[in-house]
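Working notes for the structure below.
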Amino acid sequence: MIILGIDPGLALTGWGVLEKKEKPRVIAYGCVKTSKNQNSQQRLLSLFDQLQDLIDKFQPQIICLEKIFFNTNAKTAFLVGEARGVIKICAALNKINVEEFTPLQIKDCIVGYGRADKNQVQQMVKVLLGLKKIPKPDDAADAIAAALTFCSFNKRLSK
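Just so it is clear: in the sequence shown, position 108 is 1551 by the numbering used here, and no numbers are missing.
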């Protein structure tokens, strides 16, 4: 199974592709970037186009998306919400199911503590996947963590 994990954003959307057989392994990861010089519609279209390219290249069976959690900056929350909408539309057009996890669920699954900090999550992503270094940028590591969370939830459900 090929899993595409996504950490949504308008300027940067982290992504990570895992292959899950007995044990998950990283195929690729990175960030989709949009230009601040474009208006929001053009940025969302760019996000859609780049995400479609990833789907065409890796042919994922599932997309794992981090849910938004913002308690202070409403403007940022709206922008991330728009990006999440584009991601969901792209998934729907490609007939790919989307699984969503809160940051708390991801942290609890990866670290064993729902209030873990970003560095703890990144270190555990490295350890769990046997990587030599932490995936960079941070958004990519967060996307991989979302995909790993699906692997863990899927494993628990299949028992």
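Every residue, glycine too, gets a C-beta built ideally from N, C-alpha and C.
query                                                                                                                                                                                         : result
Have a look at G1459, L1453, I1445 and flag the residue whose alpha-carbon is nearest the alpha-carbon of V1568.                                                                              : G1459
Considering only the alpha carbon of each residue, which of L1574, A1454, A1534, A1586 lies closest to Q1484?                                                                                 : A1454
Where do the N-terminal and C-terminal ends of the beta strand (DSSP E) with F1550 fall, by residue?                                                                                          : One point to set straight first is that residue 1550 is Lys, not Phe, in the sequence displayed. Not the beta strand (DSSP E): K1550 falls in the alpha helix (DSSP H), residues 1546-1554.
Across the stretch 1562-1578 and the stretch 1528-1542, are there enough close Cβ pairs to call them in contact, namely three or more that are closer than 8 Å?                               : no
Just the C-alpha distance for K1479 and R1486, rounded to the nearest angstrom, thanks.                                                                                                       : 8 Å
Starting from the C-beta of L1497, find all residues in its chain whose C-beta is less than 7 Å away, skip the five residues before and the five after it, and write them out in chain order. : L1447, W1458
Label T1592 either buried or exposed according to how many other C-beta atoms from any shown protein chain fall within 10 Å of its C-beta, with 16 as the threshold for buried.               : buried
With H, G and I counted as helix, E and B as strand and the rest as coil, what does DSSP make of K1510?                                                                                       : coil
Can you tell me whether DSSP reads D1450 as helix, strand or coil?                                                                                                                            : strand
Report the partner residues of T1477 according to the DSSP bridge assignment.                                                                                                                 : None, per the DSSP bridge assignment.
Once DSSP output is grouped into helix, strand and coil, what is the label at R1468?                                                                                                          : strand
Which value, in whole angstroms, describes the spacing of the CA atoms of E1543 and D1582?                                                                                                    : 16 Å
Counting only the same chain and skipping the five closest in sequence on each side, list residues whose C-beta sits under 8 Å from that of L1425.                                            : This structure cannot settle anything about residue 1425, because the visible part of the chain is limited to 1444 through 1602.
Work out the CA separation of L1461 and N1482 for me, nearest whole Å.                                                                                                                        : 32 Å
With respect to 6 Å, is the separation between the Cβ of D1496 and the closest non-hydrogen atom of the ligand COA below this value?                                                          : Looking for the ligand COA in the displayed structure turns up nothing, as the structure carries no ligands at all.
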